[in-house]
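Asker: The structure follows.
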Amino acid sequence: PPPPPHVAVQVRNRLWRLEASKLNGESNAPARVVECMGRWVPNSTAAVFFTADDDSLYPAADHHFGARLRTFEGSVYAPWSMGGKVDTASLGEKEELAVIKAIVDWFALQSASLLVYTFGSSFGKTAAEASDAPNVDVNHTRCRNDEMLGGNHTVPSATYVTYDTRRVPGA
Numbered sequence: 089p090p091p092p093p094h095v096a097v098q099v100r101n102r103l104w105r106l107e108a109s110k111l112n113g114e115s116n117a118p119a120r121v122v123e124c125m126g127r128w129v130p131n132s133t134a135a136v137f138f139t140a141d142d143d144s145l146y147p148a149a150d151h152h153f154g155a156r157l158r159t160f161e162g163s164v165y166a167p168w169s170m171g172g173k174v175d176t177a178s179l180g181e182k183e184e185l186a187v188i189k190a191i192v193d194w195f196a197l198q199s200a201s202l203l204v205y206t207f208g209s210s211f212g213k214t215a216a217e218a219s220d221a222p223n224v225d226v227n228h229t230r231c232r233n234d235e236m237l238g239g240n241h242t243v244p245s246a247t248y249v250t251y252d253t254r255r256v257p258g259a
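Here the sequence shown is numbered in the numbering used here, starting from 89 and rising by one per residue.
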């Protein structure tokens with residue numbers, strides 16, 4: 089039988105930091121980032137798979153999602169994030185395990201019944217595009233707007249959000 093449905097949350101904290109730094113007095117604290125992403129996660133008993141490019145977010149995710157939280161342990165492999173070529177011959181055991189984590193994380197995102205990912209993250213976006221499940225891309229601005237409007241007004245509609253690839257050049 090197929091596994092029970094799960095919600096997936098992916099945070100590209102580097103993008104959150106860049107956006108928050110442009111706004112006066114904005115916080116990019118791990119608890120705030122996870123709480124914001126969690127606004128689009130329905131209150132249910134479904135497991136929440138969480139992955140991030142910053143280890144400081146995992147304790148905040150554990151606190152926020154509690155027993156529902158699922159993760160795949162390991163470090164993030166992202167030498168390409170600064171540009172350049174990745175040479176598989178130079179990978180050590182630690183890097184190989186990080187590559188495996190990235191693959192597992194991507195498939196966990198892609199197979200979710202709802203995917204909440206960081207706006208501008210190609211990792212989250214490609215998983216969303218490869219899935220037929222509803223998805224929502226969230227950034228600092230969307231969270232700030234949600235906070236100003238009283239929060240949690242978007243959760244019920246999150247299950248109806250999809251990514252329209254017809255408007256993406258070359259898709």
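Think of the CB as a built atom: it goes at the ideal place given N, C-alpha and C, for glycine as much as any other residue.
1) State the beta-bridge partners of residue 94 as determined by DSSP.
2) Is residue 179 helix, strand or coil by DSSP?
3) Could you spell out the range, first to last residue, of the beta strand (DSSP E) harbouring residue 146?
4) Would you mind reading off the limits of the alpha helix (DSSP H) that contains residue 121?
5) Taking 6 Å as the limit between beta carbons, can you name the residues of its chain near residue 144, skipping five residues before and five after?
6) Under a Cβ-count criterion, where at least 16 other Cβ atoms within 10 Å of its own Cβ denotes burial, should residue 245 be classed as buried or exposed?
7) Determine the direct distance from the alpha carbon of residue 156 to that of residue 192, and round the result to whole angstroms.
8) Are the beta-carbon atoms belonging to residue 208 and residue 227 less than 9 Å from one another?
9) What would DSSP say about residue 232, mapped onto helix, strand or coil?
10) Give me the Cα-Cα distance between residue 142 and residue 121, rounded to the nearest whole angstrom.
11) I need the DSSP call for residue 227, collapsed to helix, strand or coil.
12) How far does the alpha helix (DSSP H) with residue 296 in it reach, from first residue to last?
Answerer: To lay it out plainly:
1) 135
2) coil
3) Residue 146 -> not in any beta strand (DSSP E); alpha helix (DSSP H) instead, spanning 145 to 153.
4) 118 to 126
5) 118
6) With a pLDDT of 43 at residue 245, under the threshold of 50, the predicted position of this residue should be treated as unreliable, and no value is reported.
7) 18 Å
8) yes
9) helix
10) 11 Å
11) coil
12) What the structure shows of the chain is the stretch from 89 to 259, and residue 296 is not part of that stretch, so it cannot be assessed.
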